[in-house]
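Reading through the structure tokens given below for one structure.
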Amino acid sequence: MKKYSLLFIAILYFISSGNAQEKLKEWQDINVIGINKLPPHASFMGYKNQRLAVENQPELSEYYQSLNGIWKFHISKNPQQRPVDFYKTDFDVSNWQNIKVPGNWECQGFDIPIYVNQGYPFWAIVKKRPQPPIIPEGYNPVGSYKRTFTIPQNWNNRDVIIHLGAIKSAFYIWINGKKAGYSEGSKTPAEFNITKYLQSGKNTIALEVYRWSTGSYLECQDFWRISGIERDVYLKAVPKTRITDYFVVAGLDKNYKNGTFSLNVAIQNNSEKQQKMQLDVAIYTENMQTQ
């Protein structure tokens with residue numbers, strides 16, 4: 000009995016060792032759709048005063064900074080050929096090509112756009128039968144993006160959130176050489192609190208974007224398959240104690256004559272002490288007059 004027990008333990012050890020060696024990357028793992036992502040919420044921007052809030056033009060807010068524009072870019076045929084250490088602050092990307100953000104890389108001369116109305120293009124290219132949820136690695140282009148930015152001084156004592164409107168299909172993010180998170184979900188925004196990674200002066204952001212991930216199995220529709228950063232990228236500075244989400248229900252009373260209004264607000268205190276806050280709500284007409 001003792002001999003059989005030892006044999007059983009040895010078998011379990013080798014099985015567990017094999018599993019550890021075969022640990023999947025996030026973009027290969029159906030159980031992972033994000034790391035360190037903030038919860039999804041209603042779309043809104045904070046403003047310094049009521050007038051700016053009514054105008055609702057984010058670029059006019061002193062707590063908003065766009066990261067759209069020209070980034071340094073490198074395309075690799077597959078994950079094995081990607082520049083693994085490009086996210087490090089001392090990695091020189093001065094000889095890389097430029098790319099416009101937002102914008103699909105296939106529309107800017109990198110890689111090729113693919114159109115299919117059924118089937119999985121990542122399997123068709125390697126001429127193999129689909130094996131869900133596996134993503135073939137022979138041809139899975141990886142785009143490496145990098146740029147710098149500077150945080151305004153009046154953002155001190157605030158949390159800094161980065162908003163990435165849509166990136167197809169999965170990506171990792173680093174701030175100043177430190178991994179800040181991961182996301183997949185091509186057409187949905189991803190946000191991360193990057194406050195603890197920031198430094199005074201110049202900061203570096205790096206994004207590693209995978210053309211296909213396990214999420215690509217959910218995107219088998221009739222459309223062009225293109226990749227990259229497809230929507231706005233921006234920073235926003237928010238108070239330590241802040242509104243993180245809200246839900247509004249507007250309807251009519253039982254006589255269908257008077258309007259009803261219900262508001263649920265989520266407030267987060269991210270400071271180191273308790274805060275006493277007051278929430279005021281104003282409803283505006285279409286002519287921007289308060290009720």
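In terms of numbering that gives the first Met the number 0, the sequence shown opens at residue 0 and continues consecutively.
In this text, a Cβ means the ideal position worked out from N, Cα and C, and glycines have one as well.
Boundaries of the alpha helix (DSSP H) around R50: Q49 to E54. A straight-line Cα-Cα distance of about 20 Å links Y114 and E136.
Residue ranges of uninterrupted beta strand (DSSP E) with 3 or more members, entirely inside the stretch 186-268 and ordered along the chain, are 189-192, 201-209, 222-224, 232-237, 240-251 and 258-268.
Cβ-Cβ distances below 7 Å link L262 to Y245, V247 and V280 in the same chain, with the five nearest sequence neighbours on each side left out; the list follows chain order. DSSP places E25 in the helix class (H, G or I) of the three-state scheme. With contacts defined as CB atoms closer than 8 Å, G214 and K36 fail to qualify as a contacting pair. Taken in chain order, the complete alpha helix (DSSP H) segments of 4 residues or longer contained in the stretch 118-145 are 120-125. Taking the Cα of L23 as reference, the smallest distance to any Cα among N94, I134, D84 and P39 is reached at I134.
The criterion of a C-beta distance shorter than 8 Å is satisfied by A165 and R230.
Of the candidates D84, W154 and F109, the residue whose Cα lies closest to the Cα of K47 is W154. Counting along the chain, no beta strand (DSSP E) covers S60, and no H or E run does either. Rounded to whole angstroms, the Cβ separation of I228 and I193 is 17 Å, and the two are not in contact under 8 Å. Between the stretch 139-146 and the stretch 182-193 there are fewer than three C-beta pairs closer than 8 Å, too few to call the two in contact. In the structure shown, Q274 adopts coil according to DSSP, grouped into three states. Taking 8 Å as the upper bound for CB-CB distance, Y233 and L59 are not in contact here, some 13 Å apart.
Contact fails between the stretch 84-101 and the stretch 111-126, because fewer than three Cβ pairs, one in each stretch, are under 8 Å apart.
The distance from the Cβ of D158 to that of N254 is about 45 Å, inconsistent with a contact at the 8 Å cut-off. Rounded to whole angstroms, W26 and N286 show a C-alpha spacing of 48 Å.
V208 is classed as buried because its beta carbon has at least 16 other beta carbons within 10 Å across all chains shown.
The bridge partners DSSP lists for A179 come to none. CA-CA distance, N202 to W173, rounds to 11 Å. For K87, the CB contacts under 6 Å within the same chain, skipping 5 residues up- and downstream, are G176 in chain order. Going by beta carbons, I204 and F148 fall inside the 8 Å limit. CA-to-CA, the gap between G68 and A41 works out to about 26 Å.
Judged by their CB atoms, T240 and A265 are not nearer to each other than the 8 Å cut-off.
In the DSSP assignment, D158 falls within the beta strand (DSSP E) that extends over D158 to L163. With distances taken between CA atoms, N116 lies nearest to F222 out of D252, F222 and P238.
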